[in-house]
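Below is one structure, written out as structure tokens; the observations come after it.
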Amino acid sequence: MFEKEYDVIVVGGGHAGAEATAAAANMGSKTLLVTMNLQTIGQMSCNPAMGGIAKGQIVREIDALGGYSGIITDKSAIQFKMLNKSKGPAMWSPRAQNDRMHFAEEWRMALENTPNADFYQDMVTGLLVEKDKVVGVRTSLGIEIRSKAVVLTNGTFLNGLIHIGEKQFGGGRAGERAATGITEQLVDFGFDSGRMKTGTPPRVDGRSLDYDKMIPQPGDSKPEKFSYLDTPVLKVQRDCHMTHTSALVHDLLREGFDRSPMFNGRIQSIGPRYCPSIEDKINRFADKDAHQIFVEPEGWNTVEVYVNGFSTSLPEDVQYNALKSVKGFENVKFFRPGYAIEYDYFPPTQLKHTLETKLVNNLYFAGQINGTTGYEEAASQGLMAGINAHLKINEKEPFVLKRDEAYIGVLVDDLITKGTEEPYRMFTSRAEYRTLLRQDNADLRLTPMGFEIGLAKEERMKRMEEKQEKSKLFVDFFKKTSFDPEEMNPILEELDSASVRQSDKLFKVFSRPKVTMDHMLQLDSVSGFVRENDLDTEVLEQAEIEVKYSGYIEKEKNNADKLHRLENVRIPDNFDYSKLKSLSYEAREKLESIRPVTISQASRISGVSPADISVLLVFLGR
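If you want it as structure tokens, here you go:
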């Protein structure tokens, strides 16, 4: 039934599993994806959207490296928005609403068209381990399949338990059974495990809603896209809508609190802080009389609607009565109620930066098994695990992104050095070098790396080089070319910006806060240069950011260079921290547990102080 031995087996077909399969297979590894249901590969288990604050940057990074998430998103999008446009470009974050069914279909088709990828539908109930090294998996049918590496991407399925009010039943997702066996085996191997919780709102019939009572939320008038390749740009978009809860809705919800698994002790695990349930919101923010509800269509043709902002595990009758009192939902019909789900995870401090486990060689964890939440966070981990599994079994150098190179680097480093006791979600504020890590330049940062390891194809590399070359040419043009005051001053007067008395370089006047590329294109010299060199909007945006934020970008590069000096100070593999009596007790305990590879990584561990780092540097002769 199977190859004699696979290079990589990926367990689970969600966002992490799909990217891991694609990465390993595209790099040349014979890869098998084993999942409990082949019809739900790439399933959007929660909201029908990709991207958002910091998450959009991650999708762009996945695409730049040669992953599939950006391409799939563009092909299945029904709306596109660039968030935070009123702020600086470091904060701009792309987000797309997607057709849920089309998204999963595109993922399935993409993987089926990937050479080296095989598929099998079954539950993996255990790992085959010999001499601290994984050598394959065992399925519920008792089949043993051997491989050189295994990537676990089990999502919310490990001993998953679904809660709706006082009712609870096993399951990894509504309508799908939980996965058993793996947690218990890993604990026997010495792994620490924990429980986390997440939730999802009711899905309702859009035909029963009154959209005239809601506020339309259209997409951008000039929608962009995620992938740097030639994927389709939206010409027609579907609106989302916004409405609000009220004091009456909150009172109706409170009536069910005594039957809520969150408040009666049935659920003891921690849920996502930044995506709380509606009962959690009205409990924590009791002073607020209203919360936003975003009404999101599930696709082009379906009438199913996702009620974003109304995640809940309250009894279904309480959910229904409360939602009926929301403006526009007076006649609502449910497709299915909201629910909470508890599942097993493994604290990620038990992993190396490659996402390989420290206890079992060639075993990799990616996605919610590591304590993260979100499709984008999962997909990026899957990509990195797939890449590193391929590199490890081919005896090549590991692929690890630094914190100043990618949000993916920040995500992995945070997980490995700090761990997480609540579902981890990426934010721009987590990245200390976010001016460098913009959504517009992910290809410039990462495509050369993806190409070097054999994942990004030549077409991507050529596109990136052309964009880089044209952007540099345009920035140089602004630095070398002077403007005519008579042509420039009318534009400046219109902006209430100080006029100029004599000619100067375009770069200088373009650096002013109010002056944009649209203003500069009113100058004949600039518009002529754009036409002559066939510069597209991507190049114009890149050049504008490089000109206007050059000072900030240079400052962050200098700060990153300082960090790299500490990154180069390596700590020996079996370093004995107990002999350094000057270290604080907490630092010794954390350093022994996490075993950082460099001084820089050690400095980011919670509980390790600057004084502890000084002790280490002195001991290492630095």
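Everything in the sequence shown is counted per the working numbering, starting at 4 for the first residue and increasing by one. The beta-carbon is built from N, C-alpha and C at its ideal position, and this holds for glycine as well. Every value quoted in this text rests on a predicted model; they were computed, and no experiment measured them.
Item	Value
Sequence-distant residues of its chain with Cβ nearer than 7 Å to Gly158 (five each side left out)	Gly15, Gly17, Gly175, Gly370, Gln371
Helix, strand or coil at Tyr555 [DSSP, three-state]	helix
Alpha-carbon to alpha-carbon, Leu86 and Glu544	16 Å
First through last residue of the beta strand (DSSP E) which encompasses Gly20	From DSSP, Gly20 is part of no beta strand (DSSP E) but of the alpha helix (DSSP H) over 18-29.
His356 (DSSP reduced to helix, strand or coil)	coil
Proximity of Val236 and Lys228 at Cβ, strictly below 7 Å	yes
Residue from Arg591, Ala605, Asp487 with nearest C-alpha to Glu570	Ala605
Cβ shell of Asn626 (< 7 Å), same chain only, five flanking positions each side left out	Nothing can be reported for residue 626, as the shown portion of the chain is limited to 4 through 625.
Top-ranked residue by Cα proximity to Asp215, from Ala182, Phe332, Tyr436	Phe332
Residue(s) in a DSSP beta bridge with Asn311	Phe297
Residue from Lys475, Gln82, Lys284, His356 with nearest C-alpha to Leu404	His356
Glu345 beta carbon less than 7 Å from that of Lys170	no
Own chain partners of Leu458 with C-beta closer than 7 Å, once the 5 adjacent residues on each side are dropped	Ala26, Asn29, Met30, Leu68, Gly69, Ile390
Those residues which DSSP pairs with Ser96 across a bridge	Leu86
Sequence-distant residues of the same chain with beta carbon closer than 7 Å to Val611, five excluded per side	Ala590, Lys593, Leu594, Ala605
Arg534 to Met112 span [Cα, whole Å]	39 Å
Distance between Met126 and Ser211 (C-alpha atoms, nearest Å)	38 Å
Collapsed DSSP secondary structure at Thr246 in the structure displayed	strand
Lys399 classed as buried or exposed, judged by whether at least 16 other C-beta atoms fall within 10 angstroms	exposed
Entirely enclosed beta strand (DSSP E) segments - the region 357-437, minimum 3 residues	366-368
Gly626 versus Met491 - alpha carbon distance	Since the first residue of the chain shown is 4 and the last is 625, residue 626 is not available in this structure.
Distance between Phe172 and Leu164 (C-alpha atoms, nearest Å)	6 Å
Reduced DSSP secondary structure (H/G/I, E/B, other) of Asp125	coil
Three or more C-beta pairs below 8 Å linking the region 445-456 and the region 498-514	no
Any chain C beta carbon closer than 7 Å to Asp125	Here chain C cannot be found, since the structure has a single protein chain.
Straight-line Cα distance separating Gly184 from Arg339	29 Å
Close beta carbons around Asp121, own chain, < 8 Å, minus the five adjacent residues each side	Phe5, Glu6, Tyr9, Lys33, Thr34, Leu35, Leu36
Beta-carbon separation (whole angstroms), Val207 vs Phe337, contact threshold 8 Å	6 Å
Three or more C-beta pairs below 8 Å linking the region 143-160 and the region 180-196	yes
Buried/exposed call for His567, threshold 16 Cβ in 10 Å	exposed
Given Met464 as reference, the closest of His247, Tyr231, Gly222 once Cα atoms are compared	Tyr231
Secondary structure, beta strand (DSSP E): runs of 3+ residues fully inside the region 182-244	197-203, 206-208, 218-220
Nearest-angstrom Cα separation, counted from Asp446 out to Arg437	15 Å
Strand pairing of Leu35, partner residues [DSSP]	Ile12, Asp121
Burial state of Leu623, where buried means 16 or more other Cβ atoms lie within 10 Å	exposed
Simplified DSSP assignment, three categories, for Met265	coil
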